[in-house]
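What follows is a short report on a single structure.
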């Protein structure tokens, strides 16, 4: 997420009431999670295990809970609670704006686009030409939808990321201020849920087709011309490359990549990154041909055990 205008390190430190290491006028351009940071961004880190990753990332401002050696060309914001202060900045630069109309006056809707009754379209939403948005769809603030997109009834675009920090008093939510971006010629079935990015984008690329009752987590990128069947659940920060097929009830863990042209058969659990142009099945997932060989061998075990008993 980029700020509306550049801020100085000192200005940011005053917003969250923390110390800083660096020049007062060090430029701060935005804030992002570690996997999407760019120069000028703030990234937060609150565990020593991830200090090096944050300090060596593309981010040039590190919101951290310990004063450490600052890499050359970078700056530190030293906070007793980086998670809390990252949320403070999110709320400052991207506050929630309540709506009192079904279609926001700040929304842009293209030519020949049909919006069926009882649909909600939030602030700053952009919808392209020749789209059909069916009844009871909710499109939250800042979503971007391309041309020739169909979204069926009951689907929700842009709900909060499922991202929490466990504290003694309960779970503290990381504020979501990213977007959902849906490119041209995408079809989305009924009662799907596509979460917004925390600070970046959740993206569905051109030509992808999504069945009913599919969940897509925050900051995930679905490639071009993918097929995603009903009851698939894709976690946050997943990269699904182009022309992937995920059949019914496939589930994934977060932060993995599914390679171009991969096919994952129904009820599989994708617990690690997998190569493209292969067919997979099972939990934990394996290539189908290896899984079937394994099952065939297992079926032979009773015979082998009986043979061993006779030989003894």
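Numbering (our numbering), first residue to last: 1 to 312. Ideal Cβ positions, reconstructed from N, Cα and C, are used throughout, including at glycine.
Please report the straight-line C-alpha distance between residue 131 and residue 149, rounded to a whole angstrom.
Distance between the alpha carbons of residue 131 and residue 149: 5 Å.
For residue 302, the first and last residue of its enclosing beta strand (DSSP E)
Unbroken run through residue 302 is the alpha helix (DSSP H), 301–311; no beta strand (DSSP E).
Does the Cβ-Cβ distance between residue 229 and residue 252 come in under 9 Å?
The Cβ atoms of residue 229 and residue 252 do not sit closer than 9 Å to each other.
Using CA coordinates, which residue listed in 201, 184, 204, 13 is at the minimum distance from residue 82?
13
Comparing alpha-carbon positions, which option in 111, 141, 113, 56 lies nearest residue 120?
141
Can the beta-carbon of residue 273 be found less than 9 Å from the beta-carbon of residue 257?
With contacts defined as CB atoms closer than 9 Å, residue 273 and residue 257 qualify as a contacting pair.
How long is the line joining the alpha carbons of residue 168 and residue 200, rounded to whole angstroms?
29 Å
Buried or exposed for residue 91, please, with buried defined as at least 16 other CB atoms from any protein chain shown within 10 angstroms of its CB.
Residue 91 is classed as exposed because its beta carbon has fewer than 16 other beta carbons within 10 Å across all chains shown.
Inter-stretch contact (C-beta, 8 Å, three-pair minimum) for the region 204–220 and the region 121–129:
no
Residue ranges of each alpha helix (DSSP H) within the region 133–202, 4 or longer:
none
Using a Cβ-Cβ cutoff of less than 6 Å, which residues in the same chain neighbour residue 19 once the five nearest sequence positions on both sides are dropped?
78
Assign residue 231 to one of three DSSP states: helix, strand, or coil.
coil
Starting from residue 19, trace the beta strand (DSSP E) both ways and give me its first and last residue.
19–21
Mind checking residue 96: buried by the 16 CB within 10 Å criterion, or exposed?
Label assigned to residue 96: exposed.
Use the C-beta contact count for residue 164: other C-beta atoms within 10 angstroms, 16 or more gives buried, fewer gives exposed.
With a threshold of 16 other beta carbon atoms within 10 Å, residue 164 falls short and is exposed.
So, do the region 180–196 and the region 151–159 have three or more beta carbon pairs nearer to each other than 8 Å?
Contact between the region 180–196 and the region 151–159 is present: three or more C-beta pairs spanning the two stretches fall below 8 Å.
Taking the alpha-carbon of residue 64 as reference, which of 38, 244, 93, 34 has the nearest alpha-carbon?
34
Go ahead and pull the three-state DSSP assignment for residue 96.
coil
Tell me the DSSP bridge mates of residue 66?
Bridge partners of residue 66: none, in fact.
Would you identify the three-state DSSP class for residue 262, choosing helix, strand or coil?
coil
Backbone secondary structure at residue 244 - three-state DSSP:
coil
Compare the C-alpha of residue 58 against each of 240, 49, 75, 280 and name the closest.
Of the candidates 240, 49, 75, 280, the one whose C-alpha sits nearest the C-alpha of residue 58 is 75.
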